[in-house]
Amino acid sequence: MINNFSLNSSINAVVDSIERTSTGVEGLDDLLNGGYPKGCIVLVSGTPGTGKTIICFQFLYAGLKSGGKALYLSSDEPIQNLLQEAEKFNIPLKQYRDNDQLKLLYLDPSNGDIYEDIKREISNTEYSRIVIDSLSPLAETPIWMVNNGQEIVPSADSVNTVSYPIESIQAKRMHLRRLIGDLKNIPATVLLTSEIPEGSRSLSRDSVSEFLADGIILLDLDTTMDRRKLTIRKMRKTKHTLKPQNIEITENGIKII
25 MINNFSLNSS INAVVDSIER TSTGVEGLDD LLNGGYPKGC IVLVSGTPGT
75 GKTIICFQFL YAGLKSGGKA LYLSSDEPIQ NLLQEAEKFN IPLKQYRDND
125 QLKLLYLDPS NGDIYEDIKR EISNTEYSRI VIDSLSPLAE TPIWMVNNGQ
175 EIVPSADSVN TVSYPIESIQ AKRMHLRRLI GDLKNIPATV LLTSEIPEGS
225 RSLSRDSVSE FLADGIILLD LDTTMDRRKL TIRKMRKTKH TLKPQNIEIT
275 ENGIKII
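In terms of our numbering, the sequence shown is numbered consecutively and its last residue is 281.
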């Protein structure tokens, strides 16, 4: 007969022994037994204006202050805009970029090779923290059929033969499956963002990344109560509450209240 007390004690011991990476968000580390599991992939999703990019800034800043190297790939905002936005929350990303601790790169969604660009950047194993903000344009990028439909590639420029774009949602999601598969093979802890359309019941725009990620942080607005909410919807290797947490955006970023 299994002793439930012994089993629970063993599970708790395993969870407690897992190395953690600080979220950089005041109060969130406490809810995650010390932070994100090191090397995990976390999806940060929410409707527009909920604070997804701020969460990413704080995550990077926590690592940069400790001397780590980080990578920020943006497909939504030009780099100069991001640097100015971070300064509003007293997060000096420009300082870390200038001393080569942080690499910021804008990814043009119209570039057919955006997937290959990301793959090349994440292959640098010096990075302990990586942010890809956002997945949404990548999920909407077509892939290509070549060799009379016998082969699928991520870009029209990948081959010399005549190619045909595949526009279906299922085909475009192949980018995300390949990308997240590559991210699982590197040692960095990764945050991915995805914008949820207003009224959607999905946890991402693409409706697939939430199943592939190790964790999900959901940001929401409760307009009737004039409050912002953060919910840990999933976090592997971690005991956590499912209760939505009240948050506020301060001069230093987001914090649990």
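Just so it is clear, CB atoms sit at the ideal spot from N, CA and C, and this is done for glycine as well.
Do you know how far the Cα of residue j is from the Cα of residue i?
i	j	result
Lys127	Ser233	24 angstroms
Val155	Arg251	26 angstroms
Gln125	Glu150	10 angstroms
Ser69	Thr213	17 angstroms
Leu131	Met249	37 angstroms
Arg197	Lys263	30 angstroms
Asp6	Lys118	Shown here, the chain extends from 25 to 281; a query on residue 6 therefore has no answer.
Gln137	His199	Gln is not the amino acid found at residue 137; the sequence shown has Asp there. So the two alpha carbons sit approximately 11 angstroms from each other.
Asn123	Pro116	12 angstroms
Glu222	Thr74	12 angstroms
Ser46	Gln104	26 angstroms
Pro72	Asn114	22 angstroms
Lys208	Lys112	33 angstroms
Gly87	Pro211	14 angstroms
Glu140	Leu242	28 angstroms
Gly51	Ala237	22 angstroms
Tyr96	Asp244	23 angstroms
Should residue i go down as buried or exposed, given a rule of 16 or more other Cβ atoms within 10 Å for buried?
i	result
Arg144	exposed
Lys267	exposed
Pro61	buried
Ser98	buried
Thr77	buried
Gln108	exposed
Phe235	exposed
Ile281	exposed
Gly48	buried
Taking only beta-carbon atoms, is residue i less than 8 angstroms away from chain B?
i	result
Ile142	Among the chains of the structure shown, chain B does not appear; only one protein chain is present.
On the DSSP bridge assignment, give the partners of residue i in chain order.
i	result
Arg153	Ala94 and Thr213
Tyr139	According to DSSP, which records beta bridges pairwise, Tyr139 is partnered with nothing at all.
Ser69	Ser218 and Leu242
Tyr60	Thr45
Leu126	Ala94
Ile278	Ile273
Glu234	Answer is none; Glu234 lacks a bridge partner.
Ser50	Going by the sequence as given, residue 50 is Glu instead of Ser. Beta-bridge pairing links Glu50 to Lys279.
Across the region 87 to 99 and the region 250 to 270, are there enough close Cβ pairs to call them in contact, namely three or more that are closer than 8 angstroms?
With the cut-off at 8 angstroms, the region 87 to 99 and the region 250 to 270 do not touch.
Quick check on the DSSP output: what are the complete alpha helix (DSSP H) runs of length 4 or more inside the region 93 to 123, in order along the chain?
The qualifying runs are 103 to 111 and 117 to 122.
Is the region 270 to 278 close to the region 59 to 73, with three or more CB pairs under 8 angstroms?
No, the region 270 to 278 does not touch the region 59 to 73.
Please list the segments of the beta strand (DSSP E) lying wholly inside the region 243 to 274, counting only runs of 3 or more residues, in order along the chain.
List check, beta strand (DSSP E) in window: 251 to 259 and 269 to 274.
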